[in-house]
Structures are given as structure tokens and as C-alpha cells.
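These protein sequences, in sequence, are chains F and L.
Going by numbering that gives the first Met the number 0, the residue at position 84 of the first sequence is 83; the numbering climbs one at a time, nothing skipped.
Going by numbering that gives the first Met the number 0, the residue at position 111 of the second sequence is 110; the numbering climbs one at a time, nothing skipped.
Protein chains: 2
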Amino acid sequence: MGKHEHHTPATAASGIEEAIQMLEGRWKLVILFHLFGGKLLRFSELERAIPAISQKMLIQQLRQLEQDGIIARIVHAQVPPKVEYHLTEWGQSLCPALDELLTWAEKRPAPKRARRPSSA
Amino acid sequence: MGKHEHHTPATAASGIEEAIQMLEGRWKLVILFHLFGGKLLRFSELERAIPAISQKMLIQQLRQLEQDGIIARIVHAQVPPKVEYHLTEWGQSLCPALDELLTWAEKRPAPKRARRPSSA
DNA sequence: CTGCATCCCCCTTGATACTG
DNA sequence: CAGTATCAAGGGGGATGCAG
């Protein structure tokens with residue numbers, strides 16, 4: 000049957016909160032989606048792919064994603080530095096969950112208005 | 000098969016980011032889990048169930064969840080105020096997605112260390 | 001090219017006290 | 001009991017400059 004049978008509210012929340020934290024923030028998901036499908040992208044390619052993000056944020060998020068084992072870094076020992084990023088196996092396995100979440104989001108009945116003031 | 004075939008990175012991210020935003024924060028998920036299963040809880044019951052949260056945060060998160068259509072409020076016109084919270088249909092339908100996410104989280108290979116507090 | 005450091009803003013969260 | 005007001009603190013995120 001299930002690999003995890005039953006959780007108390009607190010227990011289940013802990014596990015998921017951890018997961019959500021890894022995806023939290025304004026950029027994680029964007030980065031991840033650009034990497035889905037096993038794509039291998041350079042730092043500069045990601046920068047170009049996500050113009051709105053600052054270098055600082057890109058690196059910061061990349062680092063966290065890497066530390067969380069979701070993405071991996073390939074450093075080429077070259078004169079002009081070349082670093083490539085790609086999803087780990089585990090990172091790729093995030094896709095179904097995200098897809099479920101997207102499906103859920105699309106089921107939303109009546110989105111009155113966004114209420115996160117920060118998005119302005 | 001899929002109800003939504005393909006998304007560009009940016010497109011898919013937009014949809015999911017919206018979803019994630021609704022669940023973001025330290026308390027949303029905790030609250031939600033306490034409500035899963037169609038439970039009907041009073042404000043004070045939630046307070047007791049989540050001792051670590053402040054009234055302000057509890058109400059704030061509750062309001063956002065309500066505004067996002069994930070939970071609903073029942074106000075009883077009584078002398079000692081009585082307000083109950085419960086998940087909406089849509090809110091309940093979040094469960095599978097969260098479960099997927101939890102499953103993913105549990106597949107994590109080697110959780111070296113938490114990296115949030117920049118304690119490293 | 002890739003990555004880090006610093007300064008700065010302000011949103012989020014939190015503690016406490018007050019009100020209907 | 002349910003909800004609000006206020007003030008303070010922490011940290012995420014942006015801009016810019018510097019370094020390997």
C-alpha cells in the first residue's frame with residue numbers, strides 16, 4: 000500500500016513544509032522549470048532565460064537548490080569559467096508533484112484577486 | 000491523458016507559483032492539515048492546536064486562505080462569538096497534490112543539513 | 001564568465017496590548 | 001471568544017561593485 004500510511008497534522012506538515020521550503024521564494028520554481036527535462040544550462044543561459052532575476056538571486060537560489068540536492072553543478076576547469084546546472088534524479092522526480100499542484104491550481108473556482116501585495 | 004498538455008517554463012511556473020504562494024509561509028500548511036478531512040474547527044481550537052502561532056498570524060493566514068478560496072468561515076451570531084473554519088471543496092482537493100509532494104520529500108537521498116539559517 | 005560582498009529597502013513575522 | 005492595533009525585529013530581495 001502506501002509508503003506512508005498516516006500522519007498527524009503536525010507530522011505531515013513537517014514533511015511537506017520542508018519540501019515547500021525548498022521550492023519557496025520567487026525564483027526557485029522558475030529556475031526548476033527551465034531545467035526540467037534533463038536540460039543542461041550554463042549560468043549565463045539561465046540569466047538570459049530569466050531576465051528579471053538578479054545575479055545575486057540566481058546564484059543564491061541555485062546554491063540552495065544544489066544544497067537541497069535538487070540540482071547539481073558541473074564546473075568545467077576552463078579559462079573562461081563554464082558552469083552548468085542540471086536537475087538531479089530526485090529533482091526530476093519533482094515533476095509529478097508539481098504537475099499535481101498545477102492541476103489543482105487550475106481547478107480554482109473563482110479567483111477574485113491576487114492578495115499578495117508584494118507582487119506589485 | 001493530461002488535462003494540460005505542455006507548458007513553457009515560464010507559463011507552468013506562473014501557474015504553480017500562484018499555487019505555491021497560497022501555501023507559502025510558516026503556518027498555512029499546518030493550518031490546512033488540521034482542517035483536512037472536513038474537520039470544522041473554531042478559532043480557539045486552532046489556536047490550541049498550534050500553540051506556536053500568534054493570534055495575529057493565525058488570523059492573517061486564515062484570512063488569506065479564505066480569500067484564496069481554500070478555506071471558509073462560518074460565523075455564528077452568538078453572544079460569545081463563535082467562528083468555525085473548514086476547507087472548501089477545492090481546499091480538500093489539495094490533499095492529493097500535497098501527498099505527492101510529501102512522497103517526493105520522503106524520497107530525498109541524503110539530507111546533509113538544513114541550509115536555511117545560513118548556519119553553514 | 002562565474003561568483004561573492006556590501007549597502008539598502010521594506011515586507012513578513014512576531015510580541016504585546018486592547019476592543020466588540 | 002474572536003479579532004484588531006501598534007511597534008519592533010529579521011530577513012528576503014534588489015542594485016552595484018569587485019574578484020578569480
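Glycine included, every Cβ here is placed at the ideal spot set by N, Cα and C.
Remember, predicted model here, so these are calculated numbers, not experimental data.
DSSP places K81 of chain F in the strand class (E or B) of the three-state scheme. Bounds of the alpha helix (DSSP H) holding A96 of chain F are 94-105. The C-beta of L100 of chain L comes closer than 8 Å to at least one C-beta of chain F.
I19 of chain L carries a helical assignment under DSSP once its states are collapsed to helix, strand and coil. The CB of S92 of chain F comes closer than 7 Å to the CB of W103, K106 in chain L, given here in chain order. Sequence-distant Cβ neighbours of K81 of chain F in its own chain, meaning closer than 6 Å and more than five residues away, are H75. DSSP places A48 of chain L in the uninterrupted alpha helix (DSSP H) bounded by 42-48.
A distance below 8 Å separates the beta carbons of L31 of chain L and L93 of chain L.
Across the structure, I69 of chain F and Q91 of chain F are spaced so that their CA atoms are roughly 8 Å apart.
Interface residue (Cβ-Cβ distance to chain L less than 8 Å): G37 of chain F is not classified as such. By alpha-carbon distance to T87 of chain F, the top candidate from F:V78, F:V29, F:E44, F:D67 is F:D67. Judged by DSSP secondary structure, R25 of chain F falls outside any alpha helix (DSSP H); it is assigned neither H nor E. Distance from L28 of chain F to E83 of chain F at the Cβ level is roughly 20 Å; contact not present, criterion being Cβ atoms closer than 8 Å. Per the coordinates, the alpha-carbon of G37 of chain L lies some 12 Å from the alpha-carbon of W89 of chain L. If you check each beta-carbon in the stretch 56-76 of chain F against every beta-carbon of chain L, the ones closer than 9 Å belong to R62, Q63, Q66, D67, G68. Residues of chain L with a Cβ closer than 8 Å to the Cβ of A51 of chain F do not exist; the shortest Cβ-Cβ separation is about 10 Å. For L86 of chain F, not one C-beta of chain L is nearer than 8 Å to its own C-beta. Taking a Cβ-Cβ cut-off of 7 Å, the neighbours of L97 of chain F in chain L comprise I15, given in sequence order. In this structure the stretch 48-59 of chain F lies against the stretch 18-26 of chain F, because at least three pairs of beta carbons, one per stretch, are closer than 8 Å. Contact annotation, P95 of chain F with E17 of chain L: C-beta distance approximately 19 Å; criterion of less than 8 Å not satisfied.
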